[in-house]
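Enquirer:
In the numbering used here, the protein residues as written are 4 to 724.
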């Protein structure tokens, strides 16, 4: 196995370990969210209920005629027959008329827990009447007794309410037998301490007694109704359940509980009807929009205007829709309905088989979907691109929502998509943030690494303007700094190659750092030579001054570096620098395979020639007038009009001076140079004096030699590059 294969294997192993750690962390997070979901906090319950309510608004239950009718004590009945409560004799008359139509059952969503105050005996306690009249009235039948006789033998179910405390109620009556399959159901049911007692004679006469209590959620909406309750540690049925039992002529309830501990009630069988329930013995309501045909006004029954076939064989529920009696309940459809209609709709659903189901396994399934979805999507978000991970996230959420809706619309099952969706969203956002932070960290690392190959300002420019990564260029005024190390070739020949590379790398590192500090762009490195560009890619209004400042700092650095290296016995040369400015074409060149960001134009060649001209002129830093013209005040002394090799027009060239030491631009030299313009004899004398005073000034020696050779102006023709 070669070294590359070993390195690749190690890289894959490191990546795999990172992925494993991320997977375990995500699994722990998803597991914690699943555990929280299993605890079912109130906030999640509210969100789940809102989503289930919305399903019913989108697709309410279609009303289908069922053998269930409401005998409605409505506002018109109260207007015609008097305010509520009616005398029990009128209730008895209502029962008698309804019984004549042979209904399957007659259930009262009314509680008869107190004696009728309009009975003759009650009136005698209030009225002052003669003895004869009192005797006559005392012989009149008691109203409650009249109602009890009307109830006797009829399939009537009386409503009963729970009491808030044992002292206010009694043990509830039980008219049916309960057969249990599985563990006892009582511990799972909603428990109440006692029941409000019914009048004994009415209770005894009734065929059944059912509880009318609703248990709305915290927002007041009735979403589920108990079929069974635990009242005073006794198993009792609801009004709807008892009406269904009496209508079928049954005597027993079959209560089935889950095979495992904690499952609770799973089914209640009433006669031939099996109803799936929640663990607490509740059924979820699936409401229809208002249907006038399910109501029959009570006054019409008492008036004898309701045909018997409209009542025969039906379960009749006596209740009230009168607004003044305030028996109104809120539903998921967003409006209030009479409480008696909830009982009626429950019976309709039970008979039509359209009850909603929230199976006992639903919560566990949702927790599994939550954990699996959160973990899987989190792993995908860490590995895939942002676009693909978002597409997967949208697909998962869409699948959850579509699946939940399908279960509701097609199967009547309530499966929560909100809880899993929230957990998946939380994990997706967290992993996306982690990936984004990691991506930013990696981008910074790449930017730093890339900046070692390309100028940092170019990297920043391309990041901000990626459209600049196109072939082609644009015209731009730029300044260029060319540097070259004198006597570098002999240095390489005389020392170890590794040591030479270390020396040149340290030298180039310092030179390039200076260029970057002045926001210069590294155009290229050729051996020991460096080319720096200013005003590209980002235009710089002061690019000429930047170029001069950069060149002079490079000059100081190269001198110090050469002195340090020479002190170690290594003859390190000085650096020659050329500076020129002008219009060039700047952009990406090379083709579609590889880009080379650079500048093309004559100013670049001129800057290179100026760097090379230093060898013939005896200078170290040459700058053109094109650069210096934009930098008034920078100390420099004129070299002359230099005709570079291969050029036809001479270029005014200056030697750059140290701004800290020669701020006056070397006035004696400037005075001698000015004499070259038409006063050759005086210029010869002046340069002769300067040469004697400055034996080490190479530029003075150059002009002195030229004048001695008979040249009388400042035109310098270079014969070689």
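From the three backbone atoms N, C-alpha and C, an ideal C-beta is built for every residue, glycine too.
1) For the alpha helix (DSSP H) containing residue 389, name the first residue and the last one.
2) Between the Cα of residue 319 and those of 347, 333 and 336, spot the shortest distance and give me the residue it belongs to.
3) Using a 10 Å radius around the Cβ and a threshold of 16 neighbouring Cβ atoms, would you call residue 531 buried or exposed?
4) What does DSSP give as the partner residue(s) for residue 618 in the beta ladder?
5) In three-state terms, what does DSSP make of residue 481?
6) Drop a sphere of 10 angstroms on the beta-carbon of residue 606, count the other beta-carbons inside from all chains shown, and report buried for 16 or more, exposed for fewer.
7) Per DSSP, what kind of secondary structure is residue 382 in: helix, strand or coil?
8) Going by C-alpha distance, which of 684, 301 and 724 is nearest residue 712?
9) Give every residue of the same chain whose Cβ lies closer than 8 Å to the Cβ of residue 437, excluding the five residues on either side of it in the sequence, and list them in chain order.
10) Measure the C-alpha to C-alpha separation of residue 174 and residue 426 and round it to an integer number of angstroms.
11) Spatial neighbours of residue 420 within its chain, please: C-beta separation below 6 Å, excluding the five flanking residues on both sides.
12) So, at 6 Å on beta carbons, what are the nonlocal neighbours of residue 324 in its own chain, with the 5 sequence-adjacent residues on each side left out?
13) Between the Cα of residue 360 and those of 282, 301 and 422, spot the shortest distance and give me the residue it belongs to.
14) Just how far apart, CA to CA, sit residue 279 and residue 69?
15) When you compare the segment 95-111 with the segment 149-162, are there three or more beta-carbon pairs, one atom per stretch, that lie closer than 8 Å?
16) Can you find the residues in the same chain that come closer than 7 Å, C-beta to C-beta, to residue 352, ignoring five residues on each side of it along the sequence?
17) With three or more C-beta pairs closer than 8 Å as the rule, is the segment 670-689 touching the segment 648-657?
18) Return the chain-ordered list of same chain residues with a C-beta closer than 7 Å to the C-beta of residue 218, the five sequence neighbours on each side being excluded.
19) Give the secondary structure of residue 716 by DSSP, where H, G and I count as helix, E and B as strand, and everything else as coil.
20) Does residue 269 pass the burial test, meaning 16 or more other C-beta atoms within 10 Å, or should it be called exposed?
21) When you compare the segment 496-506 with the segment 607-627, are there three or more beta-carbon pairs, one atom per stretch, that lie closer than 8 Å?
22) Can you list, in chain order, the stretches of the alpha helix (DSSP H) that have 4 or more residues and sit fully within the segment 496-534?
23) Determine whether the beta carbon atoms of residue 424 and residue 350 lie at a separation below 8 Å.
24) Once you ignore the five residues that flank residue 536 on each side, which residues in its own chain have a CB closer than 7 Å to its CB?
25) For residue 631, collect the residues of the same chain with a Cβ closer than 7 Å to its Cβ; drop the 5 residues on either side in sequence, then sort them by chain order.
26) Which residues in the same chain as residue 518 place their Cβ atom closer than 7 Å to its Cβ, once the five residues preceding and following it in sequence are excluded?
27) When the Cα atoms are used, what is the spatial distance from residue 714 to residue 720?
28) Would you mind sorting residue 549 into buried or exposed? The rule is 16 or more other CB atoms within 10 Å of its CB.
29) Let me check one thing: in DSSP terms, what residues is residue 639 bridge-paired to?
30) In chain order, what residues of the same chain lie with their CB nearer than 8 Å to the CB of residue 415, ignoring the 5 residues before and after it?
31) Three Cβ pairs or more, each shorter than 8 Å: is that satisfied between the segment 58-68 and the segment 360-370?
32) Answer with yes or no whether the minimum CB distance from residue 201 to chain D is below 8 Å.
Expert: Short version:
1) Working through the chain shown from its first residue, we reach residue 389 at position 386. Element bounds for residue 389: 389-414.
2) Within the chain shown, the letter at position 316 stands for residue 319. The shortest Cα separation from residue 319 among 347, 333 and 336 belongs to 347.
3) On the chain shown, position 528 is the one that residue 531 refers to. It is buried - the Cβ of residue 531 has at least 16 other Cβ atoms within 10 Å.
4) Within the chain shown, residue 618 is the residue found at index 615, counting from 1. Answer is none; residue 618 lacks a bridge partner.
5) By one-based count along the chain shown, residue 481 stands at place 478. Here residue 481 sits in strand by DSSP.
6) Taking the first residue of the chain shown as position 1, residue 606 is located at position 603. That one is buried.
7) Taking the first residue of the chain shown as 1, we reach residue 382 at position 379. Reduced to three states, the DSSP call for residue 382 is helix.
8) Reading the chain shown from its first residue, position 709 is the one you call residue 712. Comparing Cα positions, the closest option is 684.
9) If you number the chain shown from 1, residue 437 lands on position 434. Correct list, in chain order: 385.
10) Within the chain shown, the letter at position 171 stands for residue 174. Within the chain shown, the letter at position 423 stands for residue 426. Spanning the two alpha carbons is a distance of roughly 46 Å.
11) Residue mapping note: residue 420 aligns to position 417 of the chain shown, counting from 1. Here the set comprises 403, 404 and 407.
12) Within the chain shown, residue 324 is the residue found at index 321, counting from 1. So the list reads 75, 77 and 341, once near-sequence residues are dropped.
13) The count along the chain shown starts at 1 and reaches residue 360 at position 357. Among 282, 301 and 422, the Cα nearest to that of residue 360 belongs to 282.
14) Residue mapping note: residue 279 aligns to position 276 of the chain shown, counting from 1. Residue mapping note: residue 69 aligns to position 66 of the chain shown, counting from 1. C-alpha separation (whole angstroms): 20 Å.
15) yes
16) Numbered from 1 along the chain shown, position 349 holds the residue referred to as residue 352. The residues are 289 and 358.
17) no
18) As a working note, residue 218 is residue 215 in the chain shown. Closer than 7 Å at Cβ, skipping near neighbours: 193 and 229.
19) As a first step, residue 716 must be located in the chain shown, where it is residue number 713. Correct three-state label for residue 716: coil.
20) Reading the chain shown from its first residue, position 266 is the one you call residue 269. Result: buried.
21) no
22) 500-520
23) The residue given as residue 424 occupies position 421 in the chain shown. The residue given as residue 350 occupies position 347 in the chain shown. In this structure, residue 350 does not lie closer than 8 Å to residue 424 by Cβ.
24) The residue labelled residue 536 in the question sits at position 533 within the chain shown. Cβ neighbours of residue 536 beyond the five flanking positions: 481, 483, 523, 524, 526 and 602.
25) Mapped onto the chain shown, residue 631 falls at position 628. Counting only Cβ-Cβ distances below 7 Å, and skipping sequence neighbours, we find 637, 639 and 657.
26) Your numbering for residue 518 matches position 515 in the chain shown. Once the five neighbours on either side are set aside, the close Cβ partners of residue 518 are 525, 535 and 553.
27) Working through the chain shown from its first residue, we reach residue 714 at position 711. Working through the chain shown from its first residue, we reach residue 720 at position 717. Each residue's Cα considered, the two are about 11 Å apart.
28) The sequence position of residue 549 within the chain shown is 546, counting from 1. Residue 549 is buried by the Cβ-count criterion.
29) Against the chain shown, residue 639 aligns to sequence position 636. The partner list for residue 639 (beta bridge, DSSP) reads 659.
30) Counting from one through the chain shown, the residue named residue 415 turns up at place 412. Counting only Cβ-Cβ distances below 8 Å, and skipping sequence neighbours, we find 289, 357, 358, 359 and 360.
31) no
32) Absent from the structure is chain D; it holds one protein chain and no more.
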